[in-house]
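Accompanying notes for the structure given below.
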Amino acid sequence: MHREGVSPNSVTFVSILKACSKVGLIEQGQKIHSEIARRGGLDADIAISSALVDMYAKVGATEKAQEIFDNLQARNVVVWTALIGGFAKDGSAEKALAFYEQMQLEGVSPNSVTYLCCLKACGIIGEIDKGKEIHDELILKKILKTDVNVGNALVDMYSKCGCLLEAQHVFDNLPLRNMITWNSLITGYADFDYADEVLSCYHEMCCQGMIPDEITFVCTLRSCGKLEALEQGREIHAEIARRGLEQSNQALCVGLVDMYAKCGSLLKAHELFDKLQERDMVAWTALITGYTKYDYGEEALRCFEQMQLEGYSSDSVTLLCSLKACGRAGAVEQAGSLHAEIARQGLLDHDQNIGNALVDMYAKLGLLSKAQEVFDKLPYHDVVSWTALIAGYAKDGQGKKALKCYDEMQLDGFSPDPATYVCILNACASIGAIEQGKEVHVQLGRNGLLEKDLNIGNALIDMYAKCGLMEKAREVFGNLDVRDVVSWTALIAGYAKLGKSVDVFSMFERMITEGERPDLVTFTSIMSACSHTGLVDSGQAWFEAMSKEYGLNATAQQVFSMVDLLSRAGYLDQAIKMVKNMKSDTDCVLWHSLLNACQKWGNVEIARKAFKQAMQEEEPACDSVFDYYAGT
Numbered sequence: 002m003h004r005e006g007v008s009p010n011s012v013t014f015v016s017i018l019k020a021c022s023k024v025g026l027i028e029q030g031q032k033i034h035s036e037i038a039r040r041g042g043l044d045a046d047i048a049i050s051s052a053l054v055d056m057y058a059k060v061g062a063t064e065k066a067q068e069i070f071d072n073l074q075a076r077n078v079v080v081w082t083a084l085i086g087g088f089a090k091d092g093s094a095e096k097a098l099a100f101y102e103q104m105q106l107e108g109v110s111p112n113s114v115t116y117l118c119c120l121k122a123c124g125i126i127g128e129i130d131k132g133k134e135i136h137d138e139l140i141l142k143k144i145l146k147t148d149v150n151v152g153n154a155l156v157d158m159y160s161k162c163g164c165l166l167e168a169q170h171v172f173d174n175l176p177l178r179n180m181i182t183w184n185s186l187i188t189g190y191a192d193f194d195y196a197d198e199v200l201s202c203y204h205e206m207c208c209q210g211m212i213p214d215e216i217t218f219v220c221t222l223r224s225c226g227k228l229e230a231l232e233q234g235r236e237i238h239a240e241i242a243r244r245g246l247e248q249s250n251q252a253l254c255v256g257l258v259d260m261y262a263k264c265g266s267l268l269k270a271h272e273l274f275d276k277l278q279e280r281d282m283v284a285w286t287a288l289i290t291g292y293t294k295y296d297y298g299e300e301a302l303r304c305f306e307q308m309q310l311e312g313y314s315s316d317s318v319t320l321l322c323s324l325k326a327c328g329r330a331g332a333v334e335q336a337g338s339l340h341a342e343i344a345r346q347g348l349l350d351h352d353q354n355i356g357n358a359l360v361d362m363y364a365k366l367g368l369l370s371k372a373q374e375v376f377d378k379l380p381y382h383d384v385v386s387w388t389a390l391i392a393g394y395a396k397d398g399q400g401k402k403a404l405k406c407y408d409e410m411q412l413d414g415f416s417p418d419p420a421t422y423v424c425i426l427n428a429c430a431s432i433g434a435i436e437q438g439k440e441v442h443v444q445l446g447r448n449g450l451l452e453k454d455l456n457i458g459n460a461l462i463d464m465y466a467k468c469g470l471m472e473k474a475r476e477v478f479g480n481l482d483v484r485d486v487v488s489w490t491a492l493i494a495g496y497a498k499l500g501k502s503v504d505v506f507s508m509f510e511r512m513i514t515e516g517e518r519p520d521l522v523t524f525t526s527i528m529s530a531c532s533h534t535g536l537v538d539s540g541q542a543w544f545e546a547m548s549k550e551y552g553l554n555a556t557a558q559q560v561f562s563m564v565d566l567l568s569r570a571g572y573l574d575q576a577i578k579m580v581k582n583m584k585s586d587t588d589c590v591l592w593h594s595l596l597n598a599c600q601k602w603g604n605v606e607i608a609r610k611a612f613k614q615a616m617q618e619e620e621p622a623c624d625s626v627f628d629y630y631a632g633t
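In this text, residue positions in the sequence shown follow my numbering: the first is 2, and each later residue adds one.
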């Protein structure tokens, strides 16, 4: 156009500026602005001025946009809206709404686009009162009946502010809806973890003939993961595959990995992870979180190490998961490297969650001196860090230290939470600290937690039962509104410890009558009772019933109980046969129990058989046991 000697007019400049704003060409826009200024007089044209403000605002140069705006002699709704929209897009929502107020003070009425920009600004900063004012204006002007974009913005504003009932109400009353309307509502429900509502909206949307897009699928997959709704997740995956979207969108592909990981389908999650075109930080985090959640600690740590080898730096989320995985997997070697990485990033100085998780990891690994050291160096303590330390001491059998920490925590001004109470009751149980346990019981009565938290009730029953106060244990049990297998088993274990087999069997029958299914721990307690009272036939019957009637496969713990029962009663041949048939990491414990029984009964022949068989197992962990018996 220039080469042919044709001079651009205001319409030309407006069109070119619009093109620059659409594709974000700020340098070309600045050149056009210079050309306009060089020609003189054109920048007084309201259409060109509006286009300049709009262009600078849309490319993120809001200060320049405001500079031009401030120099305008006349301002119409278009130029006001361009500036308001620019600030809203730039995240400067307060400024956007301030200009909206100023516009109205100057007597300029907003149009649909102005309302749309202001609703976006309200959603960004949660300005619900201003959003409701705009809603009232929209109803008064009947704009919602004709403009679907404004309706979408209103649903989105309420959703982003967490006012989901209002968002649903607006949605239900909109005469016009499109895909954006549905996604605004679905995204709102997803962002505030209303997973059931997300899936309900998804199914309703499909029934109404709407075709879900990538945004819809990402939200629904997240909700399936939240609910652990694997079958629904698979159905949505099938729809994604049918539409050919499985490999076209990174967020969608990562969403599938995350959904399967959260639902516990970890092989599928890893399979999809391996197919990703880009294994980004979000994908690694989804996989590591899944393995950690389902106690595959070693896999989680392998993924963490591989992630670092591929050049990704760990963040607080992956470190939190890895610390948890390390504690659960007993991975002492990795503990030091994780601690070093946290120290390198300086996270202990400002991330309380990381500090608490580090204390918890060392406590779970039984490295209580390290846990205490980290705890002492934390800049701040909270109930979580105190509870992690208390739990570690309680688990390690250091009940007195746990009780000392509990007292110090309260002196430090922190009130115990439900997890703390469970840990301290466990500590009282482990050392028979009945008086302190009773004090905790009084505290629980004062704050009403017994009625609210079954885990606390179970821990209290267990504490009284382990301390031999079965009447108190029964009293707490009787006052529980809800009971589970743990409640029943705590009572059964208490009676078993006292050798009261009649009460054990009676409680078991009552448990079955009331519809509660036993677990392996229940049977361990029953067989322990049989062992202490010499009821060999009953013990064998219960052992068989465990698998035949209740479908429970015996682990080393139940086999140990059975070996102990047979050994105590002098059935050493049967005991040795059972040990030979059981291959596990606890073989040395079983052999130790059997050899103890041989000593008790003076059965040298069986002892020799047992010792010979044990030596053939080549268990290095049992060397000290074998050395001891070799000399006896």
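Ideal Cβ placement from N, Cα and C applies to all residues, glycine included.
Out of curiosity, what's the CA-to-CA distance linking N427 and A242?
-> 50 angstroms
The alpha helix (DSSP H) enclosing V258, as first and last residue numbers = 251–263
Which one of S323, Y313, L277 has the shortest CA to CA distance from Y295?
-> S323
How many angstroms separate the CA atom of K473 from the CA atom of L492?
-> 11 angstroms
With a CB to CB cut of under 7 angstroms and the five nearest residues on each side skipped, what residues in its chain are close to A344?
-> none
Do T217 and A262 have their C-beta atoms within less than 9 angstroms of each other?
-> no
Backbone CA spacing between G92 and I125 [nearest angstrom] = 7 angstroms
Work out the CA separation of K96 and Y313 for me, nearest whole Å.
-> 37 angstroms
Does the stretch 351–362 come within contact of the stretch 383–391, defined as at least 3 CB pairs closer than 8 angstroms?
-> yes
So, helix, strand or coil for I164, using DSSP?
-> According to the sequence displayed, residue 164 carries Cys and not Ile. In the structure shown, C164 sits in coil (DSSP, three-state: anything other than H, G, I, E or B).
Smallest Cα separation from T221: which of G234, A530, L73, A395?
-> G234
Nonlocal neighbours in the same chain, by C-beta distance under 7 angstroms from S266, ignoring five residues either side | L231
Could you tell me whether the stretch 182–199 touches the stretch 251–262, using the rule of 3 or more Cβ pairs below 8 angstroms?
-> no
Residue range of the alpha helix (DSSP H) that S315 falls in?
-> Segment: none, S315 is in no alpha helix (DSSP H) and carries neither H nor E.
Measure the alpha-carbon distance for A466 versus G495 and round it to whole angstroms.
-> 4 angstroms
Cβ neighbours of V483 in the same chain (closer than 8 angstroms, five flanking residues each side left out) = L455
Same chain, Cβ closer than 7 angstroms to V486, five either side skipped, listed in chain order = E517, R518, P519, D520, T523
Sequence-distant residues of its chain with Cβ nearer than 7 angstroms to S50 (five each side left out) = D44, I69, L73, V80
Residue from G108, S568, S529 with nearest C-alpha to Q559 = S529
Span separating the alpha-carbon of D408 from that of V443 = 15 angstroms
Any idea if E167 is buried or exposed, counting beta-carbon neighbours within 10 angstroms, 16 or more meaning buried?
-> buried
Continuous alpha helix (DSSP H) stretch holding N448: start and end | 435–448
Kindly list the residues whose CB is nearer than 8 angstroms to the CB of C202, restricted to its own chain and excluding five residues on each side of it in sequence; keep chain order.
-> W183, L186, I187, Y190
Using three-state DSSP, classify V487 as helix, strand or coil.
-> helix
Looking at the structure shown, is A230 part of a helix, part of a strand, or coil, going by DSSP?
-> coil
Might you give, ordered along the chain, the residues of its own chain that have their beta carbon closer than 6 angstroms to the beta carbon of Y101, omitting 5 neighbours on each side?
-> I85, C119
Unbroken alpha helix (DSSP H) run spanning L141, endpoints = 129–142
What's the call for S110, buried or exposed, on a 16-neighbour Cβ count within 10 Å?
-> exposed
Under the rule that 16 or more other beta-carbon atoms within 10 Å means buried, what is I212, buried or exposed?
-> exposed
In terms of residues, what are the limits of the alpha helix (DSSP H) holding P419?
-> 419–432
Could you please give the first and the last residue of the uninterrupted alpha helix (DSSP H) stretch that includes T147?
-> No alpha helix (DSSP H) contains T147, which DSSP labels as neither H nor E.
What three-state label does DSSP hand H382 in the structure shown?
-> coil
For the ligand ADP, is there a heavy atom less than 8 angstroms away from the beta-carbon of K439?
-> In terms of ligand content, the structure shown is empty, and the ligand ADP therefore cannot be addressed.
On the three-state DSSP scale, how would you describe Y394?
-> helix
In this structure, does DSSP put G571 in helix, strand or coil?
-> coil
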